[in-house]
Structures are given as C-alpha cells and as structure tokens.
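Chains as they are written, first to last, in my numbering: chain W, 10 to 442; chain B, 10 to 442.
Below, the structure is given as structure tokens:
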C-alpha cells in the first residue's frame with residue numbers, strides 16, 4: 010500500500026492509509042494509548058485500543074514502523090486528524106533508548122552530550138530544524154548567484170603549498186610527500202575569474218585553529234564568490250548583499266515551519282545596507298566612549314556589537330558594511346584605496362553585531378603582487394607560482410567575499426556556539442562522530 | 010558607462026555601447042585590423058581603423074580591456090554585428106603570451122601542458138565549456154532531489170577512523186593525533202536518513218589511489234544520495250534514474266551552446282532504464298563468447314562495454330542497471346537478496362559502457378551489521394561505534410547511491426581521461442596547480 014506522509018493525513022479523512030516513520034512517543038493513559046509517529050514531514054497521532062496496549066511494548070521510542078489505519082477527525086490532534094484501528098508493523102528490531110528524550114519540546118542535554126550522540130540527537134525536531142534551515146540558506150545563496158551569471162566551481166582541497174597563514178594549516182602525507190588542506194579557495198576562485206568572470210563555490214575549508222572558542226571550527230563550509238570587471242569593492246558588496254538576501258528569502262520560503270519552531274525573527278536586510286568607513290566607526294566609538302581607538306587596526310567584538318547596534322537603531326538594519334580596513338592588516342591580495350593611503354578596499358559585513366562576511370577588491374596586476382609580497386617579507390615566490398602566473402596573463406579588476414555557513418546559521422538561529430549548528434563539528438578536541 | 014556582454018550586442022545596432030573582456034585575438038589584415046573580444050558570454054568583433062593598428066600592440070592576447078564603440082550590422086561577424094570606431098582602454102598591464110593560443114578552435118597542447126598551465130588554459134572556450142556543463146549537471150542533480158524532498162547535508166571530511174578500505178586513505182596530523190580524509194560520506198549519509206529520511210551531499214572525497222589510470226583521481230566531487238523507508242533497491246534505482254535525468258535536463262537547459270561547441274549528443278535515458286541481473290549479464294556473455302564467466306564476482310570493463318552495447322542496441326538506452334552483484338564482493342553494508350543467497354541488492358548504473366553509479370539497499374539492523382563485520386574478520390568494532398549505534402537506535406530499510414561528478418562529465422563529453430574535465434586534478438603525481 011502506498012505510503013503517505015503525516016502532513017497529508019488531513020486530506021484523507023475516512024480513508025484507510027499507510028504511514029511510516031519512527032515511534033516518537035508512546036503515551037499510555039488509563040483508557041487509551043497514543044502512539045505519536047514522526048516522519049520527515051512532522052508527527053501524527055495514532056490511537057491504540059486499550060486491549061492492544063501491550064503490543065506497544067514491542068515498539069519503543071525510535072523504532073521505525075509502518076502503520077495502516079483509518080483517518081478520523083479530532084480537533085485536538087496534530088493537524089486536526091488522527092489514525093484509529095492501526096495495524097503496526099515494526100521495520101527493524103526494537104530501538105535502544107536514545108541518549109535523551111527526543112519527544113520533549115526542548116533538548117534535555119548539554120552540548121557535549123548532544124555532540125557525542127549527534128547521529129541520534131539530530132533527530133530532535135529542534136536540531137533537525139536548524140539543518141533544514143541551513144540547507145535552504147545554501148540553496149538561496151546559489152540561486153541568487155546563478156541568477157547573476159555566476160558559475161559554480163569545485164576546487165581542490167588538497168594543495169601542494171601552504172601559502173595563507175601557514176601556521177594554522179593541516180599537513181598530510183600525500184603519497185609520501187607533504188601536502189596541505191586548503192584553508193580557503195581564495196587563489197582558485199581568483200584564477201577562475203579569468204575563465205568565467207563570476208564564480209562561486211560552496212565547499213569545505215580547513216583551519217588547524219588551536220583556540221577553543223564558540224566561533225571557530227577546524228573544518229567548516231565556506232560560501233565563496235568572486236567577480237571580475239568591477240569598478241571597485243562597492244559592486245562586490247552589492248553582490249554580497251544580494252547573496253544574503255537570496256539566503257533569507259530561501260529560508261523563509263523553504264523552511265517557514267522550522268523558523269517558527271525555533272522562533273527566529275526574520276532579519277532586516279534593506280536594499281541599501283548602511284556602509285561605514287573603518288575610521289568613521291572608530292570616530293563614532295571615540296565620541297561615545299573613553300576607549301582609545303586611534304591606533305586600532307581592526308574592530309574588536311565590542312566594536313562590532315557597537316556598530317551593529319547603531320545600524321539597527323539608526324537604519325532598522327540587522328546588517329552593516331564596514332569598509333576601508335587598514336591595508337597592512339588585511340590579506341596581501343587586498344586592493345588599497347587609491348584615494349586614502351593606508352586604507353584598503355576591504356570590507357566586512359556585520360550581522361547582528363558579529364562579523365559574518367569578509368571581502369574586498371583584490372589586486373589584479375602582477376607587479377602589484379610582487380611588490381606587496383616583497384613588502385611583507387615574502388622573498389620566495391615559488392609557493393605563489395600558479396597564482397601569480399595568472400596575474401601575468403591578464404586579470405581584470407576583481408573582488409569577492411567569503412563567509413562561513415555555520416556562523417551564518419548560528420547568528421540566524423541565535424545559537425551562542427557555532428557547534429550547536431555545525432553538523433558533526435570538528436575542533437581541537439573533537440574529530441568524532 | 011554601463012557594460013554590455015557580447016551576446017547583447019545585436020540588440021543595440023546603431024548605439025554606442027561599452028564592452029569589457031579579454032583580447033581573444035588580434036587579426037592584422039592589409040587594410041583593416043580586427044580585435045576579437047572574449048567575455049563570459051562569447052566573443053565580439055571590433056574593427057580597428059588601419060591608422061590605429063599600432064595601438065593594438067599595447068593590448069596583446071589575454072589583456073583585459075574595456076571598449077566603447079558604435080554597433081553596426083555585419084552579416085559575416087559573430088552574431089551578425091560588430092563594433093566600429095572603438096576606444097580601447099587596457100584594464101591591466103599587457104598580458105604575457107598564454108602557454109598555447111587560446112583563440113584556435115582546438116586546444117593545441119597535450120594534456121600535461123594543459124594541466125601544468127590550467128589556470129590560464131581553462132580560458133580556452135572548449136575547456137571552459139566542459140566546466141559550465143559540469144556546473145549545470147550538479148544544479149540538475151540538486152533540483153531533481155530537492156523536488157523529491159531530499160535534504161542537502163554537509164558532512165565532515167576529516168574523520169577520526171579509517172574504516173573503509175583503509176589502505177587508500179590519506180592520513181593527516183590533527184592537532185598532534187592521527188586523523189584521515191573521508192573516502193566517502195557513506196556512514197554520515199546513512200546516519201542522516203535517521204534525521205531527514207532522504208538526504209544528499211555534493212562534496213569532495215579523497216582516495217589515496219596509487220594507480221595512475223584515466224579513471225581515477227586522488228580527490229574528486231562525489232554526488233551522494235540516501236533514502237529511507239524503501240521496499241528494496243528498486244526504489245533507490247528509480248531515484249538514481251531521476252537524478253541523472255535531472256542532470257541531463259539541466260545541462261541541455263543551462264548549457265546548450267556549450268554542448269553544441271563540444272558536439273555532445275544527448276544521451277538516451279528512458280523512463281524505464283533496462284535492469285539486468287548480474288548472473289544474466291554473465292549468461293549473455295557466455296552465450297556469445299568463449300569467456301569463462303562462471304566464477305566472475307564482478308564485471309570487467311569489457312563486460313560493462315558488452316552490456317552497454319546491448320542496452321543501446323536492444324532498448325535504445327545509453328544507460329543500463331546491473332543489479333544482484335555477489336554480496337561477498339560488495340561493501341559490508343550491502344543488503345543481501347533474501348530470495349537469492351549469495352547475491353545482493355547492490356547495483357551499478359552503466360553509462361555508455363562504463364560504470365558510473367554504485368548503489369544498494371543497505372543493511373539496517375544492528376545485529377546484521379555485527380554479523381557481517383564478524384564474517385569479514387572485523388573483530389574490533391570501536392572504529393564503527395557511532396555508525397553502529399545509529400543502527401541500534403532504530404533505522405528503517407534504506408539505500409542510496411554515489412557517483413563521481415568528473416566521471417559523469419568525462420563520459421558525457423567523450424573525454425578519454427577524467428583529468429581532462431577535472432578542475433585542477435589531483436593524482437599520485439600531481440598536487441599543483
């Protein structure tokens with residue numbers, strides 16, 4: 010018999026249909042027993058006759074079952090319907106009890122327990138909801154960029170040289186030679202601007218980050234984009250804003266019930282996200298506090314919260330761009346601001362007071378790369394050979410941005426620790442499950 | 010002034026517009042000079058007055074330029090239009106000559122040269138076309154599965170234990186401890202069936218494959234799917250067929266010009282792809298040849314070609330499923346065929362005579378896993394702990410499939426070596442660029 014999903018039940022009142030899913034909960038009342046079945050679409054209530062209550066002992070919580078029964082209306086049941094006179098068939102052996110009750114509204118365990126038992130814990134509707142929202146967000150990122158003629162690329166994660174911040178790179182044995190795990194697709198996406206003008210990648214990146222904070226993972230999913238023939242970084246920021254808008258649209262389009270379950274308020278993202286120059290952020294802070302910010306080369310977490318609050322208060326926006334970060338403290342490929350020596354065309358997008366995205370216009374002339382690498386003390390350029398070669402073979406002005414999917418998801422769902430929304434997180438202490 | 014793309018030019022005859030792109034080719038004729046500009050959408054012809062020919066010396070092939078000029082009709086120019094009276098502005102320094110001429114219809118270099126210079130070589134329209142087709146194929150895979158309620162997942166690539174075929178696994182230094190690169194998302198996608206019922210992942214996988222063949226890479230993009238509550242592997246095969254159909258639809262929908270450029274004939278994929286049991290393939294071969302196939306435990310490449318030819322000849326199909334492979338020679342998690350001892354519910358999808366997809370119904374009972382691992386001599390089950398735990402906590406009958414994106418792309422485009430279509434391939438000899 011054809012299987013239906015629980016959310017379809019209300020369209021089949023009076024019919025005998027088949028459901029399949031997991032035993033979410035058994036409720037043994039005095040005169041009746043309820044079996045709550047959970048499937049991919051939600052839950053359904055199944056009424057078990059008191060005379061057959063004992064049969065429920067064979068299907069404890071989390072046992073996968075197939076149930077055939079008649080659908081009747083019941084205003085107080087989920088979806089206004091329930092199934093009666095069920096024939097229950099177990100689809101596997103009786104399940105062992107989960108590490109904590111999956112049927113309670115809230116997760117009744119601390120983060121370490123949840124992570125240790127992630128494969129089963131993720132079945133909790135609240136945890137599963139975050140990952141449905143995450144999948145929707147990525148789909149929205151791609152859709153926004155696809156519609157703007159970006160081409161998706163898949164670049165290697167094993168690289169022969171450790172170029173960016175070599176300290177935090179994972180080293181592996183590559184057929185007897187050393188190789189490294191890519192910390193970002195930065196060089197590859199720039200190279201591919203020479204092929205497609207506009208490219209994006211959704212892929213894993215790896216950071217041997219020894220610090221154990223709520224913001225860092227050793228492995229995460231990076232959303233990367235890069236575009237050519239730009240006038241300056243403002244075009245890149247516009248594309249970044251549109252990518253984030255696509256993500257939010259897709260989340261509320263594809264996962265509205267999950268947003269409701271988690272009580273997520275849709276972030277305000279104006280068509281024109283406010284843009285504040287780095288130096289103006291410092292001046293605003295100096296005007297309001299006694300902090301000495303004159304020598305600052307970056308924004309502290311408190312500074313980011315300050316400007317985030319300002320954007321919310323003054324512009325009703327949950328997002329604010331800060332541009333013009335000091336060139337010396339951004340990656341070597343960052344394009345300087347020709348009108349403002351010492352400052353760059355690099356930007357961050359702050360989401361509810363936390364840095365979400367980093368981006369910039371990049372250098373595109375070979376000679377500029379050689380000069381800036383020399384300035385930074387890089388005398389052996391062989392590690393940059395393929396990358397620099399591309400600059401010699403004709404690259405247009407270009408720029409791009411990148412951000413961590415898990416960090417976006419944490420900020421959106423209000424998770425304080427990025428591990429709450431990472432799927433099987435990896436950090437200095439954890440490499441399983 | 011707003012930039013237009015070359016393909017938009019024919020809608021602007023009589024107007025003065027701006028293009029931007031790379032100098033694809035300069036053609037110096039006796040009375041006139043042509044500059045062919047290449048952008049993301051194609052090429053445009055720009056007519057340069059003989060008196061200004063010398064100015065073209067400053068913009069050799071591959072130099073990025075911006076060109077403003079008047080659009081006029083010319084039936085023999087690309088798209089029926091060309092640009093005259095151009096003002097040409099270089100957007101970078103004059104480009105160094107590429108490793109081979111990118112403007113010739115065919116790539117004029119061998120594969121090693123192409124791969125050594127991939128960042129620039131990929132600009133050749135034929136090489137770029139393959140990657141646009143590849144991006145379209147992945148979009149189609151996702152769309153087909155999204156529409157069937159599969160949820161996209163992103164699982165870790167650094168794993169704590171080497172479980173599947175440990176010999177070909179890359180080992181890395183993980184904060185002073187050993188860890189490994191995932192050879193597939195197999196365990197994770199099965200675990201996530203317990204959460205979402207249906208999941209897919211597009212991600213990199215890593216194989217320390219020492220053999221240097223045209224079919225193997227050390228790192229590639231794997232298209233993986235897994236689904237729960239199946240009756241048997243035929244439901245999995247139907248989903249697999251639909252995923253491939255989605256890929257072909259998307260390729261011809263999103264990249265028709267690229268298919269035309271590469272002369273790709275659209276593969277025939279019937280609604281009902283022929284399915285042949287492993288033993289029947291052997292019988293057919295035995296009946297037609299003198300090969301001793303009675304003891305075969307797998308199909309050889311010649312066998313795959315045989316059954317591929319048969320499917321084409323007898324069913325007009327470029328695809329054929331072979332199912333029922335001997336259980337002992339498939340992965341341990343493969344579900345046996347209860348009606349046919351020794352044979353499994355594992356299948357392959359053969360595409361034009363080459364194995365493309367492997368899939369199966371999986372075991373779903375904890376006791377079955379313990380038994381099969383013991384049979385195969387695995388006595389220490391700690392490496393499988395999280396995976397086996399999920400089976401104990403209630404898993405429905407499920408199955409899935411996986412295949413390499415690069416292998417699909419090679420077979421589709423007729424590339425004899427998977428490196429021709431891999432983006433920056435990795436193999437035993439190559440880890441750069």
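Think of the CB as a built atom: it goes at the ideal place given N, C-alpha and C, for glycine as much as any other residue.
For residue 440(B), count the other beta carbons within 10 Å of its own beta carbon; 16 or more makes it buried, fewer makes it exposed. Which is it?
Buried, because 16 or more other Cβ atoms sit within 10 Å of the Cβ of residue 440(B).
Just to check my reading of the structure: residue 349(B) and residue 333(B) have Cβ atoms closer than 8 Å, yes? What is that Cβ distance to the nearest angstrom?
Confirmed, Cβ separation roughly 7 Å.
I want to see whether chain W comes within less than 8 Å of residue 172(B), judged by CB atoms only; does it?
So, not an interface residue.
Nearest CA to the CA of residue 226(B): which residue from 218(B), 422(B), 420(B)?
Checking every option, the nearest Cα to that of residue 226(B) belongs to 218(B).
What did DSSP end up calling residue 82(W) once you bin it into helix, strand or coil?
Note: residue 82(W) maps to strand in three-state DSSP.
How big is the Cα-Cα spacing for residue 345(B) and residue 280(W)?
Cα-Cα distance, rounded: 57 Å.
Ordered along the chain, which non-local residues of its own chain (more than five positions away) have a Cβ less than 8 Å from that of residue 116(B)?
Same-chain partners within the cutoff: 109, 123, 130, 133, 135, 136.
Assuming the contact rule is C-beta atoms closer than 8 Å, residue 52(W) and residue 95(W) should be a hit. Round their C-beta distance to whole Å, please.
That pair is no contact at about 15 Å.
Along the chain, where does the beta strand (DSSP E) containing residue 183(B) start, and where does it finish?
Residue 183(B) -> beta strand (DSSP E) spans 180-183.
For residue 37(B), which of helix, strand or coil comes out of DSSP?
The answer is strand: DSSP assigns residue 37(B) an E or B state.
First and last residue of the beta strand (DSSP E) that includes residue 46(B)?
Where residue 46(B) is concerned, the enclosing beta strand (DSSP E) stretches over 42-48.
Would you list, in sequence order, the uninterrupted beta strand (DSSP E) runs of no fewer than 3 residues that lie entirely inside the segment 295-352 of chain B?
Runs of the beta strand (DSSP E) inside the segment 295-352 of chain B: 328-332.
Please report whether the beta-carbon of residue 49(W) lies at a distance below 8 Å from any beta-carbon of chain B.
Residue 49(W) counts as touching chain B.
Cutting at 7 Å between CB atoms, please list the residues of its own chain near residue 351(W), excluding the five before and the five after it.
Closer than 7 Å at the Cβ level, and outside the excluded window around residue 351(W), lie 335, 336.
Using CA atoms only, rank isn't needed, just tell me which of 99(W), 72(W), 342(W) is closest to residue 385(W).
The option with the nearest alpha carbon to residue 385(W) is 342(W).
For chain B, check one thing: does any of its Cβ atoms lie closer than 8 Å to the Cβ of residue 84(W)?
No, its Cβ sits nowhere closer than 8 Å to a Cβ of chain B.
Nearest chain W C-beta to residue 55(B) closer than 8 Å, yes or no?
No - not a single Cβ of chain W is within 8 Å of the one on residue 55(B).
Which bits of chain W does residue 244(B) rub up against, with CB to CB less than 9 Å?
Residues of chain W passing the Cβ test: none, with the nearest at roughly 11 Å.
Given a threshold of 16 other Cβ atoms within 10 Å of its Cβ, counted over all protein chains shown, does residue 1(B) qualify as buried or as exposed?
Only positions 10 to 442 of chain B appear in this structure, which leaves residue 1(B) out of reach.
Does DSSP classify residue 164(B) as helix, strand or coil?
If DSSP states are grouped into helix, strand and coil, residue 164(B) belongs with coil.
Which two residues bound the contiguous beta strand (DSSP E) that contains residue 409(B)?
Where residue 409(B) is concerned, the enclosing beta strand (DSSP E) stretches over 407-413.
What span of residues does the alpha helix (DSSP H) with residue 396(B) cover, start to end?
From DSSP, the alpha helix (DSSP H) with residue 396(B) extends over 394-401.
Note down, in chain order, each residue of its chain lying with its Cβ closer than 6 Å to the Cβ of residue 97(B), except the 5 sequence neighbours on either side.
Within the same chain, residue 97(B) has close Cβ partners 74, 76.
So, residue 27(W) versus residue 43(W), is the Cβ gap smaller than 8 Å?
For residue 27(W) and residue 43(W), no; Cβs fall outside 8 Å.
Is any beta-carbon of chain W found at less than 8 Å from that of residue 304(B)?
Output row for residue 304(B): interface = no.
Rounded to whole angstroms, how far is the Cβ of residue 6(W) from the Cβ of residue 48(B), which I believe are closer than 8 Å?
Any question about residue 6(W) goes unanswered here, given that chain W covers just 10 to 442.
Would a C-beta distance cut-off of 8 Å place residue 30(B) and residue 19(B) closer than the cut-off?
Cβ atoms of residue 30(B) and residue 19(B): not closer than 8 Å.
Would DSSP call residue 12(B) helix, strand or coil?
Of the three classes helix, strand and coil, the one that applies to residue 12(B) here is strand, per DSSP.
Tell me whether residue 364(B) is buried or exposed, calling it buried when 16 or more other Cβ atoms sit within 10 Å of its Cβ.
Answer is buried; the Cβ neighbour count reaches 16.
I'd like the list of long-range same chain contacts for residue 154(B), defined as Cβ closer than 7 Å, with 5 residues on each side in sequence excluded.
Contacts found: 209, 234, 252.
For a contact defined as C-beta to C-beta under 8 Å, what are the partners of residue 102(W) on chain B?
The answer, in chain order, is 374, 375, 376.
Against chain W, does residue 105(B) count as a neighbour if the rule is that its beta carbon must be under 8 Å from one of theirs?
With 8 Å as the cut-off, residue 105(B) counts as an interface residue toward chain W.
Since residue 158(B) meets chain W, which of its residues come closer than 7 Å, beta carbon to beta carbon?
Those within 7 Å of residue 158(B) in chain W are 49.
With three or more beta-carbon pairs closer than 8 Å as the criterion, would you say the segment 144-154 of chain W touches the segment 186-198 of chain W?
These segments do not touch.
Since residue 27(W) sits in a beta bridge, which residues does DSSP pair it with?
Beta-bridge pairing links residue 27(W) to 12(W), 77(W).
At a Cβ cut of 8 Å, what residues of the segment 316-346 of chain B count as close to chain W, listed as they run along the chain?
Cβ contacts with chain W come from no residue of the segment 316-346 of chain B.
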